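Notes follow once the structure below has been shown.
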Amino acid sequence: MAACTKVLSILSILTINSISHHTTSARTFSQCEAMKELKISPVVDNTFISSYLCIMKGESNFDTKKLVGPGHKSSYSHGIFQISSDKWCNRYRPGGICNKKCDDFLDDNIQDDIACAKIIVDKEGFKHWKSWESKCARGKNLPNLSSCSRIRRDLLEELESEGLMVYSDTNALPGDD
Numbered sequence: 012m013a014a015c016t017k018v019l020s021i022l023s024i025l026t027i028n029s030i031s032h033h034t035t036s037a038r039t040f041s042q043c044e045a046m047k048e049l050k051i052s053p054v055v056d057n058t059f060i061s062s063y064l065c066i067m068k069g070e071s072n073f074d075t076k077k078l079v080g081p082g083h084k085s086s087y088s089h090g091i092f093q094i095s096s097d098k099w100c101n102r103y104r105p106g107g108i109c110n111k112k113c114d115d116f117l118d119d120n121i122q123d124d125i126a127c128a129k130i131i132v133d134k135e136g137f138k139h140w141k142s143w144e145s146k147c148a149r150g151k152n153l154p155n156l157s158s159c160s161r162i163r164r165d166l167l168e169e170l171e172s173e174g175l176m177v178y179s180d181t182n183a184l185p186g187d188d
């Protein structure tokens, strides 16, 4: 009986650790933190950072754990870009056009979300997202990035300290002086 109680106690602790680890691996980014992630992504052109930020804000309010569904064809939308299991990812194993497991879009590593969003933009344009048409298209409500200038400087210094070449003219964002 004591051995059974001990096993149950251990299982309870493992379950609690698993749940607490899962809940801490997702988060809500600030606009400047999301901008930094876009800036270090090798797939996003600086010209479009405001557009991606506007979509992140409109779709999830920068929340990486947002999950919505079921929707069209019993699909679910995942993460900061609300990437749909209908076409772009698979709910149970890597798949879809982005060749990702949808749950991968529910953690605080948004580099894979950004890579998939870039694939979506390449195939369908920013108009794929409803929030783009209503909140971002034609330059309306695009975020003002000037408030993130300190983070931009910190990012450039961090990249340079890691020995990466930084070209200030290609890293400029609207509002950079």
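Basically this note's numbering = 1-based index in the sequence shown + 11.
Note that beta-carbon positions come from the ideal geometry of N, C-alpha and C, so glycine has one too.
The model shown is predicted, which means the values in this text are computed figures rather than measured ones.
Task: Span separating the alpha-carbon of Tyr103 from that of Ile51 - done: Whole-angstrom Cα-Cα distance: 29 Å.
TODO: Give the DSSP bridge partners of Gly106, in chain order.
DONE: Gly106 is bridged by DSSP to Lys111.
Open item on the list: Going by DSSP in three states, Leu3 sits in which element: helix, strand or coil?
Closed with: The structure shown does not extend to residue 3, since the chain is modelled only from 12 through 188, so no value can be given for it.
Open item on the list: Applying the 10 Å Cβ sphere with the 16-neighbour rule, what's the burial state of Lys134?
Closed with: Exposed.
- [ ] Mind checking who Thr39 pairs with in its DSSP beta bridge?
- [x] In DSSP, Thr39 forms a bridge with Asp74.
Task: Neighbourhood of Ala37 by C-beta, 7 Å cutoff - its chain only, sequence neighbours within 5 removed - done: So the list reads Thr75, Lys76, Leu117, Asp118 and Asp119, once near-sequence residues are dropped.
Task: Three-way DSSP call (helix, strand, coil) for Asn101 in this model - done: Three-state DSSP puts Asn101 in a strand.
Task: Sheet register partners of Ile94 (DSSP bridge) - done: His89.
Task: Burial state of Lys84, where buried means 16 or more other Cβ atoms lie within 10 Å - done: By the 10 Å Cβ count, Lys84 comes out exposed.
TODO: Thinking Lys138 and Glu144 are a contact (beta carbons under 8 Å), I'd like their distance in whole angstroms, please.
DONE: Yes, they are in contact, since the Cβ atoms of Lys138 and Glu144 sit about 6 Å apart, within 8 Å.
Open item on the list: If you follow the alpha helix (DSSP H) that Glu135 is in, where does it begin and where does it stop?
Closed with: Looking at the DSSP string, the run of the alpha helix (DSSP H) that includes Glu135 is Gln122 to Glu135.
Open item on the list: Suppose the cutoff is 8 Å on Cβ atoms and the five residues either side in sequence are ignored; what does the same chain contact list for Ile121 look like?
Closed with: Around Ile121: Phe40, Ala45, Glu48, Thr75, Gly90 and Ile91.
TODO: Per DSSP, which residues does Val79 bridge with? Please list them.
DONE: Bridge partners of Val79: Ser88.
Open item on the list: For Val79, which residues in the same chain have their Cβ closer than 7 Å to its Cβ, ignoring the five residues on either side in sequence?
Closed with: Taken in chain order, the residues that qualify are Tyr87, Ser88 and Gln93.
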